[in-house]
Structure formats: C-alpha cells, structure tokens
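In what follows, a structure is listed as structure tokens, so that the remarks can point back to it.
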Amino acid sequence: MKTYRPARELLAQIEKVLSENKPAFGCSPLDRVIEILSEGRHYSWAGIYLTVGEKEQQLLGSSGDARLNTTTLPQSRSAMLITMKLGSREIGVLAAESDKQFPFGPEDRVLLENVASALARFLAGPGKYLVRAARQKASASNSGVPSRRPQSASRNHRTAAAVGEK
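Under the numbering used here, the very last position in the sequence shown is 167; numbers go up by exactly one each time.
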C-alpha cells in the first residue's frame with residue numbers, strides 16, 4: 002500500500018538494502034529500491050537505467066503494478082530524471098514519474114539525488130554483477146537476438162524537470 006514517508010526514512014531504508022546486497026529469487030536489490038521509492042512517495046512509476054553505450058541505455062529495474070493492464074495506468078504528467086554519476090563517469094539515470102501536475106518539490110529532488118548517488122556507488126562496487134548482466138543483455142540484443150525493450154511513457158501533458166538544468 003502506498004504511504005507518503007519522509008525522505009530520510011526512505012533514504013535510510015534504501016541504503017540498508019544496498020549495503021546488504023541480498024538478491025532474492027527474481028528480485029535484485031535494485032528492484033527493492035524501486036519498490037521502496039514507489040510505495041513511499043507519490044511516484045506512479047520509477048526506473049533505473051544503465052548507460053551501456055554512447056547513446057544507449059538499458060533498463061535495470063522499474064516499478065508498476067503488474068496486475069494492471071498498461072492502458073489502465075494513469076498517464077504520466079510529470080517526470081524527474083537524475084543522472085547517476087561516480088566522479089565524472091555517468092553510470093545511468095534514475096527516473097521518477099507522477100500522474101500529478103508539478104508534484105516534485107525540493108525534498109523530492111534531494112531524495113532522488115541522494116538515491117542516485119547511492120545507486121552509483123553500489124553499481125560501481127558490490128552491484129557490478131548487475132551492470133555486467135545488463136551489458137551482456139544489451140550486447141545480445143544488438144547482435145540480433147530479440148529482447149524486450151522498455152516502452153516510453155506517453156508524452157501527452159508531461160512536464161519534465163532535469164536536475165542540473167534550468
């Protein structure tokens with residue numbers, strides 16, 4: 002059940018999940034991070050993308066109610082994208098979407114920046130196995146082996162706020 006929780010509480014729980022690094026059957030620590038973000042805030046969708054090439058990104062994890070048909074999900078009206086960087090190296094992007102108009106405030110920006118930073122450290126360290134698997138999957142899809150690609154959300158009535166840009 003979705004309940005609005007304080008940013009500090011969510012960040013502490015996410016850092017704990019990443020430090021434990023205990024993948025469960027069919028569920029990586031990244032899936033758990035997405036679940037925590039989606040359940041604890043007003044985000045209708047959240048996803049983690051890994052940069053696998055110069056212009057290509059691989060979806061590592063995303064939220065969404067699997068029980069619902071995609072046509073019944075509310076349309077995204079706002080999105081926030083946070084670059085996951087380690088030093089000057091871009092590792093990927095943390096994305097959050099909402100079905101509300103202008104839902105992202107300063108607290109959301111700070112929370113998502115801190116989560117993106119924690120994810121970058123995790124993916125460059127103990128979570129390297131997830132990066133390797135995603136890159137192998139991306140190279141397999143480039144070699145003609147069919148794979149499932151993430152569908153982009155509807156662009157109708159969407160506003161975007163990219164952190165670091167004005």
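Beta carbons are placed, not taken as given, at the ideal position from N, Cα and C, and that holds for glycine.
These numbers were taken from a predicted model, which means no experiment stands behind them.
In the three-state reduction of the DSSP assignment, Gly41 falls in the helix class, which pools H, G and I. Its chain contains Ile92 and Ala121 as the residues whose beta carbon lies nearer than 7 Å to that of Lys86, once the 5 sequence neighbours on both sides are disregarded; these appear in chain order. The residue from Ile15, Glu10, Tyr5 and Arg6 with its alpha-carbon nearest to that of Ser118 is Ile15. Tyr5 sits in coil when the DSSP states are folded into three classes, being neither helix nor strand.
With the rule of 3 Cβ pairs closer than 8 Å, the stretch 2–12 counts as touching the stretch 26–42.
Residue state for Arg78 is assigned as coil, using DSSP reduced to three classes.
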